[in-house]
Each structure stands twice: as C-alpha cells, then as structure tokens.
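Here the numbering used here is used: the sequence shown runs in plain steps of one and ends on residue 279.
Don't be surprised by glycine CBs; every beta carbon is placed ideally from N, CA and C.
Fair warning: this is a prediction, and the values are worked out from it, not measured in the lab.
As structure tokens, the structure follows; a few thoughts come after it.
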Amino acid sequence: MDLSQAKHAFITGGASGIGLGIAEALAERGLSVTIADVDSERLGSVIAGKGDRWRGQTLDVRDRAAWAQAKAEAEAAFEPVDVLINNAGIAPNGQSFASMDPASFDMIIAINLVGVFNGVSAFAAAMAARGKGHIVNTSSQAGLTASIPGVGAYTAAKFGVTGMTENLRNEMAQSGVGVSLLCPGFVVTNLTENTIKISGVRREYSPGAMPQSSVTPAHVGEMVVQGIADDAPYILTHPGVWDSMATRFAELRQASDLREREAAE
15 MDLSQAKHAF ITGGASGIGL GIAEALAERG LSVTIADVDS ERLGSVIAGK
65 GDRWRGQTLD VRDRAAWAQA KAEAEAAFEP VDVLINNAGI APNGQSFASM
115 DPASFDMIIA INLVGVFNGV SAFAAAMAAR GKGHIVNTSS QAGLTASIPG
165 VGAYTAAKFG VTGMTENLRN EMAQSGVGVS LLCPGFVVTN LTENTIKISG
215 VRREYSPGAM PQSSVTPAHV GEMVVQGIAD DAPYILTHPG VWDSMATRFA
265 ELRQASDLRE REAAE
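Pasting the structure below:
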C-alpha cells in the first residue's frame with residue numbers, strides 16, 4: 015500500500031509497546047492515528063501533547079459492541095480507517111495444558127485470537143467496499159512453531175491468528191486490501207505489566223529465563239511500515255526464525271513423503 019495515500023490508522027494495544035511504536039511510525043508518515051487500549055489512564059498520558067492528529071479510544075477488544083462504537087467515533091473524527099493494526103494481546107500464563115486454569119485459557123484466546131477477529135469483523139468489509147486499505151494482525155514467533163513449556167495457550171491463540179491472517183490475505187486479495195502477519199520475537203515492552211492489570215495473574219520467571227533483545231518497539235514500527243509498503247505477507251522482527259521452524263517442517267515433509275510413497279506403490 016502506498017502510505018502517502020493513507021489518512022487514518024487504527025491501532026489496538028496502542029498505548030504502549032509495539033502498538034505505540036507502530037502508531038508513531040505511521041504518524042511520522044503523515045497519518046492521523048487512533049490508538050485504542052483497555053488502559054484508559056495510560057492512553058490519556060500518551061495522547062497528551064501529541065497534537066490534533068492523535069486520538070485515544072478506550073477499548074476492550076473482546077467487546078464487539080464497543081468495537082462498533084469505536085469505529086464510528088474514530089471515523090467521525092479522522093475519516094475512514096485505511097490501516098488497521100490488530101495488536102492488542104496479553105502474555106503467556108506459564109501453565110501447562112494438563113494443569114491450566116480453564117478461565118486463564120479462555121482469557122488468552124478471547125484477547126489474543128478473538129480480539130483480532132473482532133477487529134477484522136469491524137473494519138474489513140468497509141475496506142473491501144472502498145477497495146483500499148491494509149490490515150496487520152500481530153501473531154508471534156510462537157504462532158509459527160511450538161514454543162517452550164508454559165506458553166501453550168498463547169501458542170494456540172497465536173497459531174490461530176496466523177491461520178486467520180493467511181486466509182484473510184487470500185480473501186481480501188481481489189478487493190485491493192493488503193493483509194500482513196506480524197510475528198515478533200522478544201521485544202522489551204510492558205506486556206507483563208499489562209497482563210497483570212487485565213488478568214490479575216503474575217507469571218513468575220526463573221532467573222535468566224527472559225531472553226535478551228536489542229529490538230525495540232520503534233524498530234518494529236519501522237518494520238511494519240516497510241511491510242505495509244511492500245504488501246508483505248509476513249513481517250518478522252528477529253533472525254533465526256527459520257531455524258526454529260526447521261524441525262517442524264522436516265517432520266511434516268517426512269509425513270507427507272510417506273503418503274506420497276504409498277500412493278505411488
């Protein structure tokens with residue numbers, strides 16, 4: 015998408031972290047931005063002093079009625095949304111599936127997966143009707159390959175976002191609307207703090223368990239801008255992703271080759 019022709023971006027989880035990094039990168043390209051977030055206090059502090067091309071929208075991405083209202087208010091302020099960034103999410107719960115609290119599983123799926131669908135449901139049809147726009151859905155490297163223990167519910171949600179986005183890209187291709195899948199690796203943000211606010215649960219990390227990274231939300235914002243301009247199907251933020259998927263794809267190839275050999279006999 016030619017961002018010089020875009021006027022308005024709507025970013026969920028936009029009051030901090032990757033969402034704010036994307037919002038700032040798009041604003042630098044001249045877009046008006048609506049940043050939506052469940053944390054109204056942080057939202058207000060971010061918007062203060064940003065100027066009249068920024069607005070905040072309190073939004074729980076699980077609330078479909080609130081999505082309809084958020085869309086109406088955002089577009090009344092800044093015209094139709096050209097760029098939708100479905101970025102809001104919470105962190106893994108640290109629990110294995112065998113011992114997981116079902117309520118924790120439901121919350122992770124509701125925010126990280128269903129919340130993305132709700133954003134698509136709110137905006138995609140109007141974008142397609144106009145024949146213009148771009149949607150970026152935030153998955154994760156955990157949405158490309160099974161991750162470490164304790165990340166299972168998060169991985170399930172992010173695999174769902176991956177599949178949804180790949181299908182959505184195919185569905186929207188004829189309408190002139192681009193779709194990209196953002197798969198961040200570890201980026202230093204306040205995701206854990208936000209997760210505690212929403213769920214009331216703190217995941218404890220063992221010493222040395224947290225990965226180190228020099229990739230910042232500002233870096234990711236620039237990567238997303240480039241991905242939108244290139245209509246990239248996938249936007250990765252870190253090296254080494256293919257290596258992490260190699261075993262999975264090798265095993266899939268082995269299973270596929272077995273059926274091919276049987277069919278040839």
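If you compare the alpha carbons of P106, G192, S153, P198 with that of A139, the shortest gap goes to G192. DSSP places V97 within a strand segment (E or B) once states are collapsed to three. Taken through DSSP and simplified to helix, strand or coil, G192 comes out as strand.
The stretch 58–102 contains, as complete alpha helix (DSSP H) runs of 4+ residues, the segments 78–92 (chain order). Residue I242 holds the alpha-carbon nearest to the alpha-carbon of D96 among I242, P106, A278. The Cβ-Cβ distance between C197 and Q155 falls below 9 Å. F200 carries a coil assignment under DSSP once its states are collapsed to helix, strand and coil.
One alpha carbon belongs to S258, the other to A171, and they sit about 18 Å apart. Straight-line spacing of the CA atoms in P247 and L34 works out to 22 Å.
Residues of the same chain with a CB within less than 6 Å of the CB of I149, apart from the 5 flanking positions on each side, are L98, V193 in chain order. The three-state reading of DSSP puts N184 in helix, counting H, G and I together. According to the DSSP assignment, V128 belongs to no alpha helix (DSSP H), since it is labelled neither H nor E.
Its chain contains A29, D51, G70 as the residues whose beta carbon lies nearer than 6 Å to that of L57, once the 5 sequence neighbours on both sides are disregarded; these appear in chain order.
Distance from the CA of T72 to the CA of W256, rounded to the nearest whole angstrom, comes to 37 Å.
Annotation: the stretch 116–177 contains the following complete segments of the alpha helix (DSSP H) (minimum length 4 residues), in chain order: 116–123, 129–144. The DSSP-derived three-state label of T230 is coil. The criterion of a C-beta distance shorter than 9 Å is not satisfied by R183 and G129. Annotated three-state conformation of S46 is strand, per DSSP.
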